[in-house]
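Numbering-wise (the numbering used here), the sequence shown opens with residue 15 and increments by one.
The beta-carbon is built from N, C-alpha and C at its ideal position, and this holds for glycine as well.
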Amino acid sequence: GYYISSNMLQTDINGVLDKIERLPAGTPIMIDMKGPYGSFFYPSHLDDAIHSASTDVDAVGALVDTLKNKKFYTIARVCALRDWNFGNNHVTSGLYMLSRAGLWLDSEGYFWLDPTNATTTTWITSVVLELKEMGFDEVLLADFRFPDSDQYIFNGDKDAALQEAATKLMNACGGSSFT
């Protein structure tokens, strides 16, 4: 397989195009489509989508079309519960600091979303469905977990909360030809 990172999209998309020319059809290719800041690296049409200022999103859209035309197995990598933009714009969907003074930030300065919040699961579902519509074979939800900290508020069983959110996402998005 081949992994196209957000850094590669931002600094050397032509080099990426050159490298994929040498790969045989059917090769699995994973490509970063949304990062932990919440920026989209492709031309998303979702209302709350904020496109990366350092990425030529139209060029990424063209790259995705090339991947589909060359019959690669495409995997979109999406930061799911780690999303600064969405957390900042939808505060009630995030994990709060113990003091309740605002949303909790991890050590890198990112907000984390609460997987039990309906707005959160609707948002992630809409991102996955958009990528499915673009023709991806699979979506990998990076950071689909609770952060490793005891400095935020969450009352409940974290494993059960993640399993329930995953089940909702699979029921809404999964299928025989899409994972």
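Where Ser53 falls: helix, strand or coil (DSSP):
strand
Just to confirm my understanding: we take Ala156, look at its own chain, exclude 5 residues before and 5 after, and list those with CB closer than 7 Å. What are they?
Arg91, Val92, Cys93, Ala94
Ordered list of beta strand (DSSP E) runs contained in the segment 77-113, each at least 3 residues:
87-93
Select from Val78, Ser113, Asp128 the residue whose C-alpha is nearest the C-alpha of Lys146.
Val78
Taking the CB atoms as reference points, tell me whether Tyr56 and Val74 lie closer together than 8 Å.
yes
For Asp173, the first and last residue of its enclosing alpha helix (DSSP H):
172-187
Taking 8 Å as the cut-off, decide whether the C-beta atoms of Ala186 and Thr139 are in contact.
yes
Integer-rounded CB distance, given that Phe86 should sit under 8 Å from Ile43
5 Å
Could you spell out where the beta strand (DSSP E) holding Ala132 opens and where it closes?
No beta strand (DSSP E) contains Ala132, which is instead part of the alpha helix (DSSP H) from 132-147.
Own chain, CB closer than 6 Å to Lys33, minus 5 neighbours either side, in chain order
none
Leaving out five residues before and five after Met111 in sequence, what residues of the same chain have Cβ atoms less than 6 Å from its Cβ?
Trp118
Pull up the distance between the alpha-carbon of Asn99 and that of Ala132, whole angstroms please.
17 Å
Close-in-space but distant-in-sequence residues of the same chain around Leu183 (CB under 8 Å, 5 per side omitted):
Thr135, Ile138, Thr139, Val142, Leu155
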